[in-house]
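Novice: For the sequence shown, our numbering assigns the number 10 to the initial residue and increments by one for each residue that follows.
Backbone N, C-alpha and C define an ideal beta-carbon position, used for all residues, glycine too.
The structure displayed is predicted, hence computed values, not measured ones.
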Amino acid sequence: MEMLYARDVYGRTLIELGKKDPRVVVCDADLSGSTRTALFRKEFPDRFFNFGVAEQNMIAASGGLASCGKIVFASTFAMFATARVLDQIRNTVCYNNLNVKIVATHGGITVGEDGASHQALEDINAVRAIPNMKVIVPSDAWEARDAIITAHKTKGPFYIRLGRSKVATIENRKHFHLGKGYALTEGADLAVIACGIMVQETLKAHDILKKRGISISVYNMHTIKPIDKELIIKIANKHKKILVCDEHQAMGGLCSAVCEVVARNCPVLVDCVAVEDRFGQSGAPKELMDFYGLSADSIAKRAEEFIRQ
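1. Check each candidate in Glu296, Pro294, Ile316, Lys295 and name the one with the smallest Cα separation from Leu278.
2. Three-state secondary structure (DSSP) at Cys77?
3. On the criterion of 16 or more Cβ atoms from any shown chain inside 10 Å, does Gly42 qualify as buried, or is it exposed?
4. The beta strand (DSSP E) with Thr119 in it runs from where to where?
5. Kindly list the residues whose CB is nearer than 6 angstroms to the CB of Asp149, restricted to its own chain and excluding five residues on each side of it in sequence; keep chain order.
6. What's the C-alpha gap between Ser84 and Phe57?
7. Look at the Cβ atom of Ser145, then the Cβ atom of Thr232, and state whether they are nearer than 8 angstroms.
8. Can you tell me whether DSSP reads Leu40 as helix, strand or coil?
9. Starting from the C-beta of Glu285, find all residues in its chain whose C-beta is less than 7 angstroms away, skip the five residues before and the five after it, and write them out in chain order.
10. Output needed for Val120: all residues of its chain with C-beta closer than 7 angstroms, excluding positions within five of it in sequence on either side, in chain order.
11. Tell me where the alpha helix (DSSP H) around Ala113 begins and ends.
12. Out of Arg170, Glu210, Ser76, Ala272, which has the shortest C-alpha to C-alpha gap to Lys238?
13. Excluding sequence positions up to five away, which residues of its chain have a Cβ less than 6 angstroms from the Cβ of Val253?
14. Thr163 by DSSP, collapsed to three states: which one?
15. Given a cut-off of 8 angstroms, decide if Asn229 and Gly165 are closer than it, judged by their beta-carbon atoms.
16. For the beta strand (DSSP E) containing His184, name the first residue and the last one.
17. May I ask which residues mark the beginning and end of the beta strand (DSSP E) holding Asp255?
18. Going by beta-carbon coordinates alone, are Val33 and Leu26 separated by less than 8 angstroms?
19. Name the two residues that bound the continuous alpha helix (DSSP H) containing Leu26.
20. Pair every Cβ in the region 199-216 with every Cβ in the region 303-315, then say whether three or more of these pairs are closer than 8 angstroms.
21. For my contact list, Lys110 and Phe53 are in at a C-beta cut-off of 8 angstroms; report their separation, rounded to the angstrom.
22. With distances taken Cα to Cα, identify the nearest neighbour of Ala283 among Val208, Ile223, Ala92.
23. Where does Arg173 fall in DSSP's three states?
24. What are the boundary residues of the alpha helix (DSSP H) that includes Leu278?
25. Looking at Ala245 and Ala236, is the spacing between their C-beta atoms short of 8 angstroms?
26. Using the Cα positions of Ile158 and Ile24, report the straight-line distance between them to the nearest angstrom.
27. Go ahead and label Gln318 buried or exposed: buried means 16 or more other beta carbons lie within 10 angstroms of its beta carbon, across all protein chains shown.
28. Quick one: is Cys204 buried, meaning 16 or more other Cβ sit within 10 Å of its Cβ, or exposed?
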């Protein structure tokens, strides 16, 4: 199974877009080596702007560039791309519906050893409620590429969340469509909706449960906003129970988005595998996934308990 850094593919995709479209410019906040925007900087130095450790300035200037007809990709770590710059995202970018694509790397608990100060677990919650913002959490590097290309050709602000670690390529991944999730497996006992790296963990849980005689449907909900209401209603009507898996706080992320649809349209039981109102801590990514109950084994255990409930 191919293992890739989504941020590597992001950097290369920026170069592709830059060659085709002179309107593409890239901004970073002194982390271009880690976010991989340095690849674009090397190719197009006149269309790259490093703002140093001044993220608010970066987003405000990105809005200014976009107001002049540029398509701006602005990158830094997820923690600094949301909480630190929420004012500028809301009042400069989203209020004016500008073409600023915030592509944040190092999202979630798998940032690892950098610890709680760098582990963005509230970022989706922070940006999801802002009008005009579209939110995507790709499941692998190639879905990240599709999301970047879609953001480039779609008017308005985007928040695209990438991780730090290598991720496995989803073998039966379908073509990316903004706002449209899809099934990866079909099962009778439970529906599981996941995004980001949790898609891979959920597929591993599927294999664990299959050996125990339990079949689950696994859905990739890569777009958190606009959420695929039609698919969620269909899932709820079919399964009656939904387990949501998200490398984020349980509050405000994918779980909340699913619950909002279900509560208004087709009330069913919803449970969640996510971080339960806690900060992260320093540790290896796998250790943290196990400790916070996000691993495939944890998903399988929660799924069994939920089915018996």
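Specialist: Concretely, from the data shown:
1. Among Glu296, Pro294, Ile316, Lys295, the Cα nearest to that of Leu278 belongs to Ile316.
2. Reduced to three states, the DSSP call for Cys77 is coil.
3. It is exposed - the Cβ of Gly42 has fewer than 16 other Cβ atoms within 10 Å.
4. For Thr119, no beta strand (DSSP E) segment is defined, and its DSSP state is neither H nor E.
5. For Asp149, the CB contacts under 6 angstroms within the same chain, skipping 5 residues up- and downstream, are Val176, Thr178, Ile179 in chain order.
6. For Ser84 and Phe57, the distance between alpha carbons rounds to 11 angstroms.
7. The displayed chain sequence assigns Ile, not Ser, to residue 145. A contact, by the Cβ cut-off of 8 angstroms.
8. Shown here, Leu40 sits in coil according to DSSP, grouped into three states, outside any helix or strand.
9. Only Ala259 meet the Cβ criterion.
10. For Val120, same chain residues with a beta-carbon under 7 angstroms away, outside a window of 5 residues either side, are His127, Gln128, Arg173 in chain order.
11. Element bounds for Ala113: not the alpha helix (DSSP H) but the beta strand (DSSP E), 109-113.
12. Relative to Lys238, the option among Arg170, Glu210, Ser76, Ala272 whose CA is nearest is Ala272.
13. Cβ neighbours of Val253 beyond the five flanking positions: Ile202, Leu263, Cys264, Val267, Cys281.
14. Note: Thr163 maps to coil in three-state DSSP.
15. Contact flag unset, no.
16. Segment: none, His184 is in no beta strand (DSSP E) and carries neither H nor E.
17. Where Asp255 is concerned, the enclosing beta strand (DSSP E) stretches over 250-258.
18. Using a Cβ distance threshold of 8 angstroms, Val33 and Leu26 count as a contacting pair.
19. Note, Leu26: alpha helix (DSSP H), 15-29.
20. Contact holds: three or more Cβ-Cβ distances are below 8 angstroms.
21. In this structure, Lys110 and Phe53 do not form a Cβ contact; the two beta carbons are roughly 16 angstroms apart against a cut-off of 8 angstroms.
22. Checked all of Val208, Ile223, Ala92; the closest Cα to Ala283 is Val208.
23. DSSP places Arg173 in coil when its eight states are reduced to three.
24. Where Leu278 is concerned, there is no enclosing alpha helix (DSSP H), although the beta strand (DSSP E) it sits in stretches over 278-284.
25. Just to set this straight, residue 236 is Ile in the shown sequence, not Ala. Not a contact, by the Cβ cut-off of 8 angstroms.
26. Note on geometry: alpha-carbon atoms of Ile158 and Ile24 lie some 11 angstroms from one another.
27. Answer is exposed; the Cβ neighbour count stays below 16.
28. Buried: at least 16 other Cβ atoms inside 10 Å.
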